[in-house]
Each structure stands twice: as C-alpha cells, then as structure tokens.
Amino acid sequence: MTPAQEPLLQVEHLRVELPTRRRTLVAIDDVSFSIMPGEVLGIVGESGAGKSVTGAAIIGLLEPPLRIAGGRVVLGGRRIDDLPYEQMRHIRGREIGAIFQDPLTSLNPLYTVGRQLVETIRTHLDLGPEAARERAIALLGEVGIAAAAQRIDHYPHQFSGGMRQRVVIALALAGNPRLIIADEPTTALDVSIQAQIIALLKRLGRDHGTAIMLVTHDMGVIAETAHRVAVMYAGRIVEIGPVRAIVDAPRHPYTVGLMDSIPRIGGVRGRLKQIDGAMPRLGEIPPGCAFNPRCPLVFERCRRERPELLPSASGAAACWRFAEEGARAADG
Amino acid sequence: MAEPQALVEIRDLKRYFDVSPPPLERLLQRKPRAWVKALDGVSFTIRRGETFALVGESGCGKSTVARCLVGLYRPSAGKILFDGIDLAGLNRRKTAVPLRRRMQMIFQDPYASLNPRWRVRRIVAEPLVTHGLVGSRAERDARVAELLVQVRLSPEDGDKFPHEFSGGQRQRISIARALAARPEFLVCDEPTSALDVSVQAQILNLMKDLQSAFRLTCLFISHNLAVVYQVSDRVGVMYLGRLVEIAAAEQLFARPLHPYTRLLIDTIPRLDPVDGAAAEREPVAGEVPNPIDPPPGCAFHPRCPFADARCRAERPELIEADGALVACHAVAEGRLAPAALTTSSHPGATGRAGPSGKLAL
Amino acid sequence: MAELARAPIAAPRRLPRLRRFLDGDLLWSFRRSPVTVGAAVVAFVIIGSAIAAPWVAPHNPYDLASVNLMDATDPPVWLHGGSWAYVLGTDNQGRDVLSTIIYGTRLSLLVGVLAVVAALILGVALGLVAGWSGGIVETMIMRVADVQLSFPAILIALLIDGVARTMLPHNVQAEIAIYVLIVSVALSNWVHFARTVRGSTLVERNKEYIQAARVIGVRPWRIVTGHLLPNVLGPVLVIATINLATAILTEATLSFLGVGLPPTQPSLGTLIRVGNDYLMSGDWWIALFPGIWLALLILSVNLLGDWLRDALNPKLR
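Quick mapping for you: the protein sequence lines, in order, are chains D, U and L.
Under this note's numbering, the first residue of the first sequence carries the number 1, and numbering increases by one thereafter.
Under this note's numbering, the first residue of the second sequence carries the number 333, and numbering increases by one thereafter.
Under this note's numbering, the first residue of the third sequence carries the number 694, and numbering increases by one thereafter.
As structure tokens, this is what we get:
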C-alpha cells in the first residue's frame, strides 16, 4: 500500500435511520472510513453497535424500514449509495462480494453448489457454460475443498458447516470482486474450523489483492486478520487505527475496557476487568458521548457535547480527553 | 480413583440417540437402525467446592453430560452419583425432587430461558414455590428481593417482564432463579456464549463472587477455552462423546498432553500473535467426523499427525500421565512428550501464553 | 465485590393497563387500516343489534300475537305497497324481515360463539396433550384429527343430526336442535386449534424456560398449564376469530339444508332457506336481506381476524 494509492472504498458521514411510528431513530451516525485495495479492515463492536448495519448499507441490503439518510459511499471513484436497485444488484457480486454468518441462509438448498456458482459466475462474467464450470471448480479448489470436480455436483446439505462457509466464500469470489464484506464469517463455526476460514480469508486477500471488510464481535479474529480496525459503539466509530496499535495500546476508554474484558489464556486467573452497564438501546443513546454513563474517566464535557474522531499518533479516537490534552499541549 | 470429597461422580456414562429411519423405511429399504453416540463412556468426578469445566467443539457431547446430570436426559447406561446417591435409582418423584433441589442449572440463551409471559418475581420464586421453601407471600417476596439484590438487580425489577431487560440482565435473573432453592451444585451450560464480551466479564465475575459466597460446586460447559481457563479448577476435554484429557486448568493450558487439546489451544485467535509465523500459520485441516459413523480406534486419528496403526485400530482409555488423565496411545507409549508451553506470568494487556515450542501440527 | 452500576438502559416506564393498550402497537395498527376500522364498525352494528335485539328490533317476531298474516310478503318500504312499519318488508307469515334478521343473527352468533368456544377448549386440550406427551398418544390424536379433517363439517352435522333424530323422540328434537348444531360445528372445527397448538407446543417445549422448569422440579401438569398454555394461546385467538366466521357460515349452511334450526326459531340460514322458496314468486326480499346481512357479518369478522393475525405477527409488522 502506497500513500499515493486511491482508496477502494470510501464511506463518508454515513447516516442510517430507522423510522418508527413515534420518531426516527439513528442506527448509524456520521460514520466515515476508507479501505485501500488489498486491505483488511476490521469493524468490531458488541451487538447493537451498528457494525452489521454499516456493512448492509454499503452493499445496499438494508432491511426496510432502515434507510440511508445521509453521507456517501464511493467505490472506486463511483458513488454507489444512490444507485437504483438493478444497478446495485450488478455491483453486488461483481464488485462487492458478501459473506454472511450463517452459510445455510446464503445457499439455496434446492440447487447443487455447482449450479449456484455457475449461475453467479455467468451473471457477472462473460463466460460460456463450460468455462464457467471450470472456473467454479477452480474456485472451489481455491477455497480448500478437496476433490472439487466431484463435490461441485453436491447439494449444500452434503457439506459440513465449515465446508459450506468455504462454498459461500467461493460464491463471494465468483464475480472476481475487488471488495468482500464478511459479516461474522466465523461466528457460527467451531474454533478449529474458524482458524481455517481466517487463514483462507487472509490468503485470498493477499493473493488477489481483494480488500476485505471484516465485521465481527471477536477481537481475536480481528487481531489475527485485519490491518486496520474500527471500533464501533452505539452507531458511531469511537476509535480507528492500525490493528496492532489499537490492540496493544487502545486510547478510547471503551476500547480499553473492551480489550480488558476479553478473557485470556495465561497469567493470573481471577476476576476479569469489566465495563459496568450495557450498550444503550437505539432510542436511549444519552446526549454527549454515548459512552459517558459507563466511562470511568467521564467529566463534565462528555455529558454535554459529542466528541468527534480526533486524530492521534496512530489513528483516531472520539474522546474529549484527547481534545483537552491537545489543547493543553497547544497552550503549553 | 477414590475421591472422598467428590460431590458428583459420573461412571461410564452413555447416552445414545436413535436416529434410525422410520420402521417402514427400515423394513422396505433394509436400512439398519442408526444411533448417535452422543456420550460413549464418560467418567469423571467433581470435587466439592471446585469448578469443573467441560470443553469441546459443537457435537462433542458436553451439553449432553449436563442434561443427563440435571435429569433432562435419561442416561442410556452408566451411573451418576450425587453425594453418593445413584440418580438413576430415583424413579419416584418423592425421592427425586428433594435431590433435584440441590442441583440447578443456568442455560445458554438468556432470551429463551425465561418464560416471556411471567413477571420476574414469579420466575425467580418458582423454585421456592415448587419446593415449598417459603410460607407466606410476604416471605416469598422478601426472598425474591434478596435474590435480585444478590445478582445486582434491584428489588423493583421483580415487577417487570423479561423483555424489558438486556441479555446480561436476563442472565442475572436466570442466576437468581438457580440460586433461589439454595443448591449446592450448579450446572452452567455455556452461560456467557450468547453475551457480548464486556457483559460476559460482568456475568463471570458475578458467578465467581456468588460461588465463593455460597460455596457452590460448579460444572461449567463451554467451547471458549479462554473463559474456561479463567473460571475453572479442573478441565475435561471432550471429543466425539469421549473425554480425551482431564487435568488441572493451569496444567492443561501450560502443558497440554492430548494432540486434540493442543490443537484447540493452538487455534484460538489470539490478540498478540507472538511472531509473524504464528499469524501466518496454516491451521490443521479436517473437521469433526460424523458422530453416527465415528472412526474406529481413536476418534481423533484422522486429524492427528501422530496417529499410527494402533491409533487406527484400538481405542485408547484414560490413563494417568504427568499428573493428568489422557486417552492417547502416543502419550502412553512416550512417542509424544508433553508440549512445553510457557505461561507468561504477568496478567498485562498481552497476557496470553505464547506457545514457544510450536507444534508440528 | 465491585459494585455493579445498573445498566444505563432505561427500562420502559410502566403505564396503567388502559394507557398501555391505547398507546400500544395493536391499536396503532388498527387505526392505520381503514378497512379494519370499517369492518369493526359493521361488526359492531350487526353484533350489537343482535345482542340488544329486544330493544332494537321494531317487532318481536316470536310474539305470535303481533304477527298478522294479512301483512304477509309486504315489500320493503321503497317499493310500491311497502310501509315504514316493515322497513325491509315482511315474510310469508307476516313477520317483519328486519326484526327476524336481528333475532336470527342472535341465534347465529350464539351457535357460532358456543361452537368456537367448545372447539377451542377441545382443540387446545388435545393439542397440548399431543404436543407434550408425544409418542403413541400424539400419533393417535393427530390421526383422529386427520380423519376428522377429511370429513366436511356438513357431513358430520348430518351424521349427528341423523343419529339424534333416530334416537330421540320427535318433540325433543326441536329443543335440542341448537345443541346438535353447536356440537357438530365444534366437532368440525377443533382440528385447526389442535394442530396449531400442537405445533406451538412442539416449539415451546424445547425452549429453555420449559427445561428450566423441569430442572427446578415443577410437576408436568403445572409446566403445561403454567408455562406452555399461556405461550401457545396467541395464535389460538387469531384462529378463533377467523373460525367464528366459518362457524356462523357452517351453521347457516346447515340451517339452509334443513338440518339446523327450525323456522320457529329462525337463524340467518333458516331465514335464507325459507326465503328461497319465495324467490321464484318475486318476493326476493325475504331471502336477499338475510343473505346480505350474513355476508356482511362474515366479511367483517374475517377482516378483523386477518388484521389480528397480521398485527400479532411480529414478522409482518
């Protein structure tokens, strides 16, 4: 990655709203990030943080009544958030591949995986049936399915969970996309299978230069896979930066608490560090910084004003402490 | 092993599930009966006051053990002794229920384990009412309030319905209900796997506090090794309905013996990949085989890099090695030395044990 | 022990029951659908007038003293020969059509409601038993249900009616006609309840709150009544509403075929049957107005049932 390179995906001030009968709730508020070609960006957060909604908004698969209410999504220099459904459908699969948590729901149980792959390939690439089938077999082989030439004619239920997720990845790769959005791709899998899928995703990113947006709640998966990570809380990004910097020295108090509360193997066993309370529900996000009721370092300003992402040495964190520090530094 | 302080003793527990095709189909198409051996001879003891954990991947039978223990499943064979009493012998309600009061369970899904149409007060009071532990309504309400406070909820929460709470709060209600009958033994089936990490830490800490306050003995079922490391005193590792290794928690994570245990520990995504090689490691191929038709010999042999002819033919039994129990021919024959994993002693931000001796897996 | 702060999630404030209902999603979805509001108004008028028949109806059709054969087959008020005394005309015996309709609706509703209640109790009980116990009990109950379902309601009613007619003396027959009707309509409707309840029971019994109750040591009977029953009742209420329309229709059909209520105690179906004989002689109002009334009642109850089903289904919301 050279700095001169154009980002592949740019999300600018994305806002997603959920209109209810009483009022309009804000699911995603002012989220901005970019992904470079070949980069793996992790989006991490607890349930309700808005990470999956962000992914769905980018590929135009928001479930109504959720709707994009502001901001832009730019893929390779082209704005895609306002495209009509038909054009967006073409971009999905051809330019953005999607992998979801449950491989069963992504596959049609009535068709062989070969037929689904060939169909997807031919939708997006100008290939004849023979060539498409060859490509399908090659894809299955690439995602680590042994005896792909035989397995291609099997139905989804004949594959195990881990193998199904490989088929889904092959489907996501079928149109040779430049970006893959993977939403909790390993959550439904056992640890040993999870490790296999992580390794596969990493290899694909490296070999094809495919950028990956990896949405997960599991910081361990992010730490092993991603280059950069964005931490989400209550619909906003609270911290973003290189993965090592954030794992080793998180700056936002929420990230600090999150890292501390992950149980680890090794070291003294005993009480875990915990963040008290829970993430606010959509309608109950407090004024000021959304984290302020749970924050151990809260002060007056946090309850009044909402902090923006402020760049730090390695990334950016949305916390007033850094603004105050910066101001003090400027004064001094 | 005779353990006088054992509260729960499980001997050669088996539980088979009938997955045969319907009788007519069997007759016409000459299909055989089929059984899933969810548990195929599991033996272990839980000592009074300790937390014993069972870990393994989905389908290994760890939840089946829990369900047999609390009476949700009837064992196909084997014995479960609770405080020296054989649970299988208790067929009459009169004799079984007083014993059941002494063991309670916390379930995995906080959204399904509370009756959505009952108020919290009634939910928490159910064990009290069932076992006739409180006389008057006032007494009952006082006890419920006390329980709610013990799990860090407020007494007023008794008036609410489960849907008014978050997942973590619901799990607290579940814990309050489990504690209501003052049990001695608590079975926790993946109690935090449906929760977010920050909430998981709250619940684990709460359980730890309550366990020491009430001197509870626990069986902790989990697929999350890091959680198991944090909460348990001893750990049993299960694979395809059998225990492959039992060891003290610190020892198991520092010096795992069985190749499957090593595989599990080695494949956890870690926050601090020790070196570039670790980040790029290609994990072990293969998956858990179909439990209807498990491999002969050691069930792990198709995935095991140390398997030889004996492993493929003869099923290993648990034997003592290095202070632990392990079911592995390679370890028994001395072909496989204990893995030398070093545990970093400091619980700092990067406190995970880095395997210095990388396994040739 | 560290003090755990309460989660900042403000639990929704609890409102009084009425306020909560007025505030609730149910009423909101009701108000948003003009068709449903219309149906509710129509149903209210028809059912309300039936319940309040003695005060609402202009005449008492059962009071033979007030019936004058001279007034027989008078047309409705807007036709030549009609009068305001008999707004919708009179039937062959000189009874006011509007009044017979209002009183007839009363009987139709009575049969329908009692039949649905009986079917509900029978179906829910059998469905719970089948779903909870499983095995041979379940197989037997569900086979009976399947057989039941393959017989049309009319056949069952004819069967019961036939048995009753051969076994009971003639003078009792008219008195018990209404019970025969209720039993036959109930018998043909319980299967829907049983199937739905069995289905929900199979889902609910595997949920962890049921297992939790078993672990606590709650008696099976109390698990079924205390835990299962309240959680399987939601869809049952929807079916009951929709079944009410079916039951009224079945009753009308049976009465029309002559195995229902006698002309001395006419329900809507009986009225249509009686009127049917006079269609050819040009006295169409005797059959048409009860027909329209019946159609409006069924349509409005059905629409309300559909709305209830959608409103209670979280997936469609």
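For glycine and all other residues, C-beta sits at the position ideal for the given N, C-alpha and C.
Only a predicted model underlies this, so the values are computations on that prediction, with no experimental measurement involved.
Asked: Straight-line gap, Ile849(L) to Val735(L) (C-alpha atoms, nearest Å); Found: 31 Å
Asked: Nearest neighbour of Asn1020(L), chosen from Ala945(L), Ala938(L), Gly892(L) [CA to CA]; Found: Limits of chain L in this structure are 694 at one end and 1010 at the other, which puts residue 1020(L) out of reach.
Asked: Counted within 10 angstroms of its Cβ, other Cβ atoms place Val856(L) as buried (16 or more) or exposed; Found: exposed
Asked: Sequence-distant residues of the same chain with beta carbon closer than 7 Å to Ala510(U), five excluded per side; Found: Gln436, Met437, Ile438, Leu518
Asked: Gly608(U) versus Gly283(D): straight-line alpha-carbon distance, rounded; Found: Low confidence applies to Gly608(U): its pLDDT is 45, below 50, so where it sits in the model is not reliable, and the reading given next is rough at best. If you take the alpha carbons of Gly608(U) and Gly283(D), they lie about 44 Å apart.
Asked: CB contact flag (Ala533(U), Gly499(U), <8 Å); Found: no
Asked: Outcome for Gly741(L) when other beta-carbon atoms lying within 10 angstroms are tallied against a minimum of 16; Found: exposed
Asked: Alpha carbon of Ala385(U) to alpha carbon of Leu997(L), nearest angstrom; Found: 54 Å
Asked: Rounded C-alpha distance that separates Ser34(D) from Val929(L); Found: 52 Å
Asked: Residue-level contact to chain U via CB, Ala905(L), 8 Å cutoff; Found: yes
Asked: Listed by chain order, chain L residues near Ala444(U) by CB distance under 8 Å; Found: Lys900, Glu901, Tyr902
Asked: Contact set between Glu496(U) and chain D, taken where Cβ atoms lie within less than 9 Å; Found: Here the premise fails: no neighbours, minimum Cβ distance about 11 Å.
Asked: Rounded separation between Arg907(L) and Arg406(U) - CA only; Found: 13 Å
Asked: Bridge partners - Lys492(U), DSSP secondary structure assignment; Found: BP columns for Lys492(U) are empty, so no partner.
Asked: Chain D contact for Gly568(U) (CB, 8 Å cutoff); Found: no
Asked: Run of the alpha helix (DSSP H) containing Phe886(L), from where it starts to where it stops; Found: 863-898
Asked: Nearest neighbour of Gln583(U), chosen from Ile600(U), Gln562(U), Gly573(U), Glu665(U) [CA to CA]; Found: Gln562(U)
Asked: Stretch-stretch touch, CB-based, cutoff 8 Å, three pairs: the region 619-630 of chain U with the region 261-273 of chain D; Found: no
Asked: Where the region 45-58 of chain D meets chain U: residues whose CB sits under 8 Å from a CB there; Found: Glu46, Ser47
Asked: Status (buried if at least 16 other CB within 10 Å, exposed otherwise) for Gln5(D); Found: exposed
Asked: 6 Å Cβ shell around Thr187(D) - same chain, five flanking residues per side excluded; Found: Gln101
Asked: Of the listed residues Met219(D), Ala98(D), Pro263(D), Ile152(D), nearest to Thr255(D) (C-alpha basis); Found: Met219(D)
Asked: Close beta carbons around Gln194(D), own chain, < 7 Å, minus the five adjacent residues each side; Found: Thr186
Asked: Sheet register partners of Arg347(U) (DSSP bridge); Found: Leu371(U)
Asked: Residues sharing a beta bridge with Phe982(L), DSSP; Found: DSSP output for Phe982(L) lists no bridge partner at all.
Asked: Sufficient close CB pairs (3 or more, under 8 Å) joining the region 103-114 of chain D to the region 164-183 of chain D; Found: yes
Asked: Backbone CA spacing between Arg92(D) and Trp721(L) [nearest angstrom]; Found: 37 Å
Asked: Below-8 Å beta-carbon distance, Pro293(D) vs any chain U residue; Found: no
Asked: Ala611(U) versus Ala581(U) - alpha carbon distance; Found: In this prediction, Ala611(U) scores a pLDDT of 47, lower than 50, which makes its location untrustworthy; no coordinate-derived value is stated.
Asked: Per DSSP, the bridge partner or partners of Phe299(D); Found: In the DSSP output, where bridge partners are listed per residue, Phe299(D) has none listed.
Asked: Top-ranked residue by Cα proximity to Ser893(L), from Asp756(L), Ser759(L), Gly820(L); Found: Gly820(L)
Asked: In chain order, each alpha helix (DSSP H) run of at least 4 residues that lies wholly inside the region 494-530 of chain U; Found: 499-512
Asked: Glu382(U), DSSP secondary structure in three states; Found: coil
Asked: contact_flag[the region 199-209 of chain D, the region 284-297 of chain D] where n(CB pairs < 8 Å) is 3 or more; Found: no
Asked: Residue environment, Leu538(U), which counts as buried when at least 16 other CB atoms sit within 10 Å; Found: buried
Asked: Counted within 10 angstroms of its Cβ, other Cβ atoms place Tyr85(D) as buried (16 or more) or exposed; Found: exposed
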